[in-house]
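Single-structure report; data block below.
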Amino acid sequence: MRVEVLWFAGCPHHVAARAVLERVLASRGIDPAAVQSVEVDPASAETVRFPGSPTIRIDGRDVDPGFREPDSFSLSCRVYPTPLGMRGIPPAPWVEDAIDSALSRETRSRSVNDDHR
Numbered sequence: 003m004r005v006e007v008l009w010f011a012g013c014p015h016h017v018a019a020r021a022v023l024e025r026v027l028a029s030r031g032i033d034p035a036a037v038q039s040v041e042v043d044p045a046s047a048e049t050v051r052f053p054g055s056p057t058i059r060i061d062g063r064d065v066d067p068g069f070r071e072p073d074s075f076s077l078s079c080r081v082y083p084t085p086l087g088m089r090g091i092p093p094a095p096w097v098e099d100a101i102d103s104a105l106s107r108e109t110r111s112r113s114v115n116d117d118h119r
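With the sequence shown counted from 1, adding 2 to any position gets you the numbering used here.
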């Protein structure tokens with residue numbers, strides 16, 4: 003499983019987002035050290051398709067279940083439309099669901115590969 007936190011230096015929320023992510027990973031028995039921290043700069047925003055900071059991706063998928071890729075990519079702070087209003091970090095249940103989905107995909111993939119041996 004590839005776990006990434008994309009952020010830029012001017013974002014006040016990336017540390018809190020990473021803490022949520024690490025707590026969820028630890029609760030699933032996954033080493034939080036596996037998180038790839040991707041610091042985005044103006045030159046790389048388009049290349050990494052950066053929708054704002056912080057962004058958490060699990061296997062290349064945004065944890066926001068309603069995510070739609072923006073028309074342009076730049077250094078900006080990201081807000082998430084949560085049931086409690088707009089927030090600077092994604093809610094833990096979104097992160098949990100994204101990780102659980104990735105684990106489920108891995109399990110299915112392993113099962114299919116085992117069946118073909």
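C-beta atoms are modelled at their ideal positions from N, C-alpha and C, and glycine is treated no differently. Remember, predicted model here, so these are calculated numbers, not experimental data.
For Leu27, the uninterrupted alpha helix (DSSP H) run begins and ends at 16-29, by DSSP.
Taking the Cα of Gly31 as reference, the smallest distance to any Cα among Tyr82, Arg110, Arg112, Leu105 is reached at Leu105. Under the DSSP definition of a beta bridge, Thr57 partners with Leu8. In its chain, beyond the 5 residues on either side, Glu24, Leu27, Ala28 have a beta carbon closer than 7 Å to the beta carbon of Pro34. Pairing Arg89 with Ser111, the inter-Cα distance amounts to about 35 Å.
DSSP places Glu71 in the coil class of the three-state scheme, outside both helix and strand. Separation of Thr109 and Ser74 (C-alpha to C-alpha, rounded to the nearest whole angstrom) is 35 Å. Residue state for Arg89 is assigned as strand, using DSSP reduced to three classes.
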